[in-house]
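In our numbering, the protein residues as written are 4 to 62.
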């Protein structure tokens with residue numbers, strides 16, 4: 004098992020939290036479906052482009 008110091012663990016945790024919040028925001032948008040829980044988000048290309056601009060700029 005790898006030993007991480009407190010700073011490394013906090014940085015990793017913060018990154019995971021940002022990714023989780025982006026995922027929750029993406030899934031909460033009306034009209035977007037999941038193939039299976041935790042798998043793939045399905046939506047047309049136009050909506051992807053729009054959501055990438057909105058969600059990932061704030062990370």
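Yeah, the Cβ is synthetic: ideal placement off N, Cα and C, and Gly gets one too. None of these values were measured; they are calculated from a predicted model.
Cβ separation of residue i and residue j, assumed to be a contact under 8 Å, to the nearest whole Å
i          : j          : result
residue 32 : residue 54 : 7 Å
Given residue i as reference, the closest of the options once Cα atoms are compared
i          : options           : result
residue 59 : 45, 43 and 26     : 26
residue 56 : 29, 45, 44 and 43 : 29
Alpha helix (DSSP H) segment containing residue i, residue limits
i          : result
residue 24 : 9-31
residue 52 : 48-59
Interface flag, residue i vs chain C, CB-CB below 8 Å
i          : result
residue 25 : Absence of chain C from the displayed structure is noted, only one protein chain being present.
Any non-hydrogen atom of the ligand MG within 7 Å of residue i CB
i          : result
residue 12 : Inclusion of the ligand MG in the displayed structure is not the case, the ligand content being empty and no account of it being possible.
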